[in-house]
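Before any comments, here is the structure.
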Amino acid sequence: MKQLISILLLTLGSFMLARAQQPLSGKIIHTTDVTPLAGARITIDRDAVRYSDDQGLFNLSLTKGQHRLRISLMNFETIDTIFVVPQTDLIIRLKPHVKELEEVTVSTGYQKVNAERLTGAYQKISGSVLAEQVGSSIMARLEAIGNGLSVDRESYSRDRINIRGVSTFSGPGDVLVVLDNFPYEGSLDNINPNDVESISILKDAAATSIWGSRAGNGVIVIQTKKGKYNQPLSISANMVNTFNAKPDLYLLPQMSSSDYIDVELRLFNAGFYTSDYNSPSKPVLTPVIETMYDNSLSQAQKDALISAYRSKDVRDDFSRYLYRNG
Numbered sequence: 021m022k023q024l025i026s027i028l029l030l031t032l033g034s035f036m037l038a039r040a041q042q043p044l045s046g047k048i049i050h051t052t053d054v055t056p057l058a059g060a061r062i063t064i065d066r067d068a069v070r071y072s073d074d075q076g077l078f079n080l081s082l083t084k085g086q087h088r089l090r091i092s093l094m095n096f097e098t099i100d101t102i103f104v105v106p107q108t109d110l111i112i113r114l115k116p117h118v119k120e121l122e123e124v125t126v127s128t129g130y131q132k133v134n135a136e137r138l139t140g141a142y143q144k145i146s147g148s149v150l151a152e153q154v155g156s157s158i159m160a161r162l163e164a165i166g167n168g169l170s171v172d173r174e175s176y177s178r179d180r181i182n183i184r185g186v187s188t189f190s191g192p193g194d195v196l197v198v199l200d201n202f203p204y205e206g207s208l209d210n211i212n213p214n215d216v217e218s219i220s221i222l223k224d225a226a227a228t229s230i231w232g233s234r235a236g237n238g239v240i241v242i243q244t245k246k247g248k249y250n251q252p253l254s255i256s257a258n259m260v261n262t263f264n265a266k267p268d269l270y271l272l273p274q275m276s277s278s279d280y281i282d283v284e285l286r287l288f289n290a291g292f293y294t295s296d297y298n299s300p301s302k303p304v305l306t307p308v309i310e311t312m313y314d315n316s317l318s319q320a321q322k323d324a325l326i327s328a329y330r331s332k333d334v335r336d337d338f339s340r341y342l343y344r345n346g
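Each residue of the sequence shown is one higher than the one before, starting from 21 at the first, in my numbering.
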């Protein structure tokens with residue numbers, strides 16, 4: 021009897037649960053041409069996820085009451101709304117998300133040309149992108165964001181800047197720098213990077229049709245900020261802090277002072293330094309060899325001096341007197 025009652029209760033519970041679920045179907049279409057949209061993501065109450073089929077259709081089973089509906093699809097505006105079950109089938113119209121790209125103009129030094137009309141290879145860098153880089157000079161900042169641009173960090177002179185690699189073995193390899201529509205022959209370190217409005221890098225032979233043979237190694241066109249009509253006064257301040265640690269001179273594998281002295285003593289015993297010591301030109305010899313040739317010292321004194329030399333390393337002096345954290 022108890023088993024029969026349990027079965028009846030389970031059956032009744034399942035029947036009531038089925039009665040609580042309400043079927044709901046819908047269709048997702050384009051707001052203008054009414055074409056069905058496939059693959060739209062349908063989220064119910066931030067939990068259940070469904071996707072529309074090739075006909076834009078979807079089916080749901082929901083309980084009575086309010087539900088939160090969110091429908092999203094790439095390149096369409098997302099819909100987030102609340103609806104009440106039960107109700108008739110849904111027809112949802114998605115509006116396309118239109119975003120127009122800003123017009124890009126590239127300065128060649130002579131004129132400003134729309135990007136789609138420019139025939140050569142180029143790169144346009146805005147002043148805001150340049151300001152995001154850390155560096156005290158233009159080339160220090162441009163090195164990280166200039167495509168195909170390589171800079172010798174030891175020197176930022178023109179012959180140390182390469183656009184798309186080395187273009188000549190014997191001829192001049194410096195790039196042409198154009199500042200505010202005029203060729204610039206001064207040092208690039210004299211240009212304040214915070215005054216730059218945009219930089220255009222002309223990379224291929226198309227630049228020679230504008231600037232001639234001087235542009236054979238590439239052109240860097242720099243446009244600085246200028247005052248504009250009816251523009252209010254504005255003041256900007258920039259501060260850049262950099263920190264450089266002392267180099268670890270022991271990071272590079274190198275023979276120790278003691279091992280080097282052992283090699284010198286072995287060569288001294290083999291007579292390797294005899295010709296240099298007897299030479300009229302008197303070439304410079306190391307302190308260890310000078311000590312070995314000094315007849316005024318006893319062998320015990322020579323051993324004591326050489327033992328002291330073994331404990332010295334020039335890298336310690338370099339790190340102590342020549343390098344510091346900057």
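Heads up, the beta-carbon is just placed ideally off N, CA and C, and yes, glycines get one too.
Keep in mind it's a predicted model, so treat the numbers as computed, not measured.
**Message:** Could you compute how far the alpha carbon of Asp314 sits from the alpha carbon of Lys266?
**Reply:** 39 Å
**Asked** In this structure, does DSSP put Asp336 in helix, strand or coil?
**Response** helix
**Item:** Contact set for Asn345: own chain, Cβ-Cβ below 6 Å, skip 5 residues either direction
**Value:** Ala265 and Lys266
**Request:** Tell me whether Asp179 is buried or exposed, calling it buried when 16 or more other Cβ atoms sit within 10 Å of its Cβ.
**Result:** With a pLDDT of 49 at Asp179, under the threshold of 50, the predicted position of this residue should be treated as unreliable, though the coordinate-derived value follows. Burial call: exposed.
**Message:** Going residue by residue through the segment 177-252, where are the continuous alpha helix (DSSP H) segments of at least 4 residues, counting only ones entirely within it?
**Reply:** 228-231
**Message:** Distance check for Gln274 and Lys223, CA to CA, integer angstroms please.
**Reply:** 42 Å
**Request:** Identify which residue in Asp194, Ile221, Lys245 and Lys47 has its Cα closest to the Cα of Asn214.
**Result:** Lys245
**Item:** Cβ neighbour criterion (16 or more within 10 Å) applied to Arg161
**Value:** buried
**Asked** Using DSSP with H/G/I as helix, E/B as strand and the rest coil, what is Asn298?
**Response** helix
**Asked** Whose C-beta lies closer than 6 Å to the C-beta of Gly155 among residues of the same chain, with five residues either side of it excluded?
**Response** Arg161
**Pairwise C-alpha distance: Gly46 and Pro56** = 11 Å
**Prompt:** By how many angstroms is the C-alpha of Pro252 removed from the C-alpha of Ser207?
**Reply:** 32 Å
**Request:** Answer yes if the segment 141-155 comes into contact with the segment 85-102, meaning at least three C-beta pairs across the two stretches below 8 Å, and no otherwise.
**Result:** no
**CB-CB length for Arg90 against Thr51, believed under 8 Å** = With 8 Å as the limit, Arg90 and Thr51 do not qualify as a contact, their Cβ atoms being about 17 Å apart.
**Asked** Any idea if Leu342 is buried or exposed, counting beta-carbon neighbours within 10 angstroms, 16 or more meaning buried?
**Response** exposed
**Asp74 versus Asp67, Leu82, Gly59 and Thr83, residue with shortest Cα-Cα distance** = Gly59
**Prompt:** With 16 as the cutoff for other CB atoms within 10 Å, does Leu255 come out buried or exposed?
**Reply:** The identity of residue 255 in the sequence shown is Ile, whereas the question assumes Leu. Classification of Ile255: exposed, given that the 10 Å Cβ count is below 16.
**Buried or exposed (CB count within 10 angstroms, at least 16 for buried), Met259** = exposed
**Message:** Counting C-beta neighbours from all protein chains within 10 Å, is the total for Asn237 16 or more, i.e. buried, or is it exposed?
**Reply:** buried
**Asked** Mapping DSSP to helix, strand and coil, what is Gly46?
**Response** strand
**Request:** Return helix, strand or coil for Val149, following the three-state DSSP convention.
**Result:** helix
**Asked** Which residues in the same chain have their Cβ closer than 6 Å to the Cβ of Ala164, if we skip the five residues on either side of it in sequence?
**Response** Gln153
**Prompt:** Which ranges does the beta strand (DSSP E) cover as unbroken runs of at least 3 residues, wholly within the segment 79-118, from first to last along the chain?
**Reply:** 85-92, 99-105 and 110-114
**Asked** Is the distance from the Cβ of Val304 to the Cβ of Val239 below 8 Å?
**Response** no
**Prompt:** To which residues of the same chain is Phe288 closer than 7 Å at the C-beta, ignoring the five residues directly before and after it?
**Reply:** Ile309 and Met312
**Request:** Provide the residue(s) that pair with Tyr71 in DSSP beta bridges, ordered along the chain.
**Result:** Arg61
**Asked** For the alpha helix (DSSP H) that Leu169 lies in, which residues bound it at each end?
**Response** Element bounds for Leu169: not the alpha helix (DSSP H) but the beta strand (DSSP E), Leu169 to Val171.
**Message:** Short of 6 Å in beta carbon distance, which residues of its chain neighbour Tyr204, apart from the five on each side in sequence? Order them along the chain.
**Reply:** Val197
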